Amino acid sequence: MDKFKNLTAFVNVVEANGFAAAARRLGRTRSSVNKSVMALEDELGVQLLNRTTRRVSATANGEAYYARAKIILQDIAEADRAIAENDDEPKGTLRLNAPLSFGALHLSKALSDFLAQYPGLKLELALTDHFVDPLDGGFDAVVRIGALNENPSLIDHPIVEMQRFLVASPEFLHEHGNIKSVNQLKSLPCLHYGSLGEGHVWRLLGKGQELNVPVNGVMCANNGEALQQAALCGLGVAMLPTFIVGPALQTGALVRVLPDYAPPPIHLMLLYPPSRHLSPKIRQLVAFLYDRFGEHPPWDLFN
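Be aware that the sequence shown starts at 1382, since it is given in the working numbering, and climbs by one per residue.
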């Protein structure tokens, strides 16, 4: 219990920016809160707080420890609440991180419906295109799109396999002619997902072959919606997931190029630390996302 008491004191000192404010929060004396934090520092063998006469702030070690300690305290509170309530109803705050385009185009609407099912639940959604470790970022879970997770410290729930296609505008094809061979991609302007300075090689599967095709990256961007806009303007051929280009394919604003070939599929998945495995929030979220996206993804309705 001393460890729990010390963790609670430390987290509250960081959040309240001082010992006196933390003591008021906890209903303890300032000296007892200070002793708890010092005991924690002695146990760990590192300094967690910078102390001056004017302010208290976390050290680099303290910031890292705070992020994990806060999650531990939240897990304990959630476990206590679940036992007390003896139900599977998600409550509290669900903290999620998700990719920018998928979050804006599909996930935000789905999560609105999820929240409507559980009035006791609140949502904090952060959208970023770089990978965020849920433990380091203070998230309950992260939604990610890509290769299946190989991080042993995280539980990976695949939701659905996602398709990617080569696409271009009818105007582009009218100007450059129909593309009949993979080799033609090498000389055509292409729109590449990634960073400037990266090699532009597209991996394609089709006709029993696996091909690595160097392409002429006339434009690079780290956002799929930006590449779709460039493709709609006739700038080049793009390799994009159907969750972005599905509507444009349905209306004919974009058309598939070399339909016998496609990049390897990618996966929509939910990643979370093992400590969240029994959380009602996570269990219900996994079931909801699979029900919403797993069998018949709405972005593939053009097929």
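Where a beta carbon is used, it is the ideal one built from N, C-alpha and C, also for glycine. The model shown is predicted, which means the values in this text are computed figures rather than measured ones.
1. Residue 1427 to residue 1442, Cα distance in whole Å?
2. Taking Cβ to Cβ, would you say residue 1521 is nearer than 8 Å to residue 1671?
3. Could you give the first and the last residue of the continuous alpha helix (DSSP H) run that contains residue 1565?
4. In angstroms with no decimal places, state the Cα-to-Cα distance between residue 1680 and residue 1643.
5. Go through its chain and collect everything with a Cβ distance to residue 1491's Cβ below 8 Å, but skip five positions before and after it.
6. Determine the DSSP secondary structure at residue 1528, reduced to helix, strand or coil.
7. Helix, strand or coil for residue 1452? Go by DSSP, reduced to three states.
8. Suppose the cutoff is 7 Å on Cβ atoms and the five residues either side in sequence are ignored; what does the same chain contact list for residue 1616 look like?
9. Opposite residue 1478 in the DSSP bridges: which residues?
10. In this structure, how does DSSP classify residue 1673 when only helix, strand and coil are distinguished?
11. Helix, strand or coil: how does DSSP classify residue 1602 here?
12. Determine the closest residue to residue 1385 out of 1452, 1470, 1396, 1524, with distance taken between C-alpha atoms.
13. Drop a sphere of 10 angstroms on the beta-carbon of residue 1387, count the other beta-carbons inside from all chains shown, and report buried for 16 or more, exposed for fewer.
14. Got a sec? Which residues, its chain only, sit under 8 Å from residue 1630 by beta carbon, not counting five neighbours each side?
15. Taking the alpha-carbon of residue 1666 as reference, which of 1524, 1513, 1614, 1565 has the nearest alpha-carbon?
16. For a test of the three-state rule: what should DSSP assign to residue 1446, helix, strand or coil?
17. Taking the alpha carbon of residue 1444 as the point to measure from, which residue in 1433, 1435, 1429 has its own alpha carbon closest?
18. Let me make sure I understand the geometry here. Which of 1660, 1655, 1556, 1417 has the alpha-carbon closest to that of residue 1471?
19. Buried or exposed: which applies to residue 1645, given that a residue is buried once 16 or more other Cβ atoms fall within 10 Å of its Cβ?
20. Given this structure, state the Cα-to-Cα distance separating residue 1469 from residue 1595, to the nearest angstrom.
21. What do you get for residue 1534, buried or exposed, if any count of 16 or more other CB atoms within 10 angstroms of its CB means buried?
22. Would you call the region 1473–1481 and the region 1501–1514 in contact, with 3 or more CB pairs under 8 Å?
23. Would you report the Cα separation of residue 1537 and residue 1480, rounded to the nearest angstrom?
On the basis of the coordinates in this document:
1. Here the C-alpha atom of residue 1427 lies approximately 7 Å from the C-alpha atom of residue 1442.
2. no
3. Neither: residue 1565 is in no alpha helix (DSSP H) and is coded neither H nor E.
4. 17 Å
5. 1669, 1670, 1673, 1674
6. coil
7. Three-state result, residue 1452: helix.
8. If we look at residue 1616 and ignore the five residues flanking it on each side, its Cβ neighbours are 1570, 1572, 1599, 1600.
9. Under DSSP, residue 1478 shares a beta bridge with 1507, 1523.
10. helix
11. strand
12. 1452
13. The residue is buried, with at least 16 neighbouring Cβ atoms inside 10 Å.
14. 1546, 1548, 1623, 1636, 1637, 1683
15. 1524
16. helix
17. 1429
18. 1660
19. The residue is exposed, with fewer than 16 neighbouring Cβ atoms inside 10 Å.
20. Between residue 1469 and residue 1595, the C-alpha separation is close to 51 Å.
21. exposed
22. yes
23. 16 Å
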